[in-house]
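Position 34, counted from 1, in the sequence shown is what my numbering calls 34; the numbers after and before it change by one each time, with no gaps.
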Amino acid sequence: GYSGTGSMNISSNPQFLGHLTGRLALAASSPCIDVGDGDQLPDDLLDLDGDGHTTGYQLPYDLGGGLRAIDIQGISGGVGSPPYLDLGAYEYRP
């Protein structure tokens, strides 16, 4: 029941792993997996991947240093263009 458009807001438990220890990676059953908007990923302004491009190329990594845009097969609920992002700072990794 939060205001906003699309699936960018959830009102259910995000199901973080280790939520008591501060580890905010997503559990396999999280409703945050692949429901974000792939079109909203910002440009890689700091050239984190070292390819010499800073605009027109999306941010390649999540907060943990893993690849940011990972679609999980069998889950599809995102908006915008694939790859669909997970909500939050970390992508789920099986």
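Beta carbons: idealized from backbone N, C-alpha and C, even for Gly. Note that this is a predicted model, so its numbers are computed, not measured.
Exercise. Taking the DSSP output, what are the residues bridged to Y61?
Worked result: L67
Problem set entry | DSSP three-state assignment for D37, whether helix, strand or coil | Strand.
Exercise. To which residues of the same chain is A27 closer than 6 angstroms at the C-beta, ignoring the five residues directly before and after it?
Worked result: Contacts found: Q15, L17.
Exercise. For R23, which residues of its own chain have a beta-carbon under 6 angstroms away from its beta-carbon, when the five flanking residues on both sides are left out?
Worked result: When the five nearest sequence neighbours on each side are left out, the beta carbons in the same chain lying within less than 6 angstroms of the beta carbon of R23 are those of L17, in order along the chain.
Exercise. Applying the criterion that 16 or more other CB atoms from any shown protein chain within 10 Å of the CB defines a buried residue, is I33 buried or exposed?
Worked result: buried
For this session: Identify every residue that forms a DSSP beta bridge with L26.
Result: F16
Exercise. Hey, out of N13, G88, N9, whose CA is closest to S97's CA?
Worked result: Lying outside 1 to 94, the shown extent of the chain, residue 97 is not represented and no answer is given.
For this session: Could you check if L46 is buried or exposed, using at least 16 other CB atoms within 10 Å of its CB as the buried criterion?
Result: That one is exposed.
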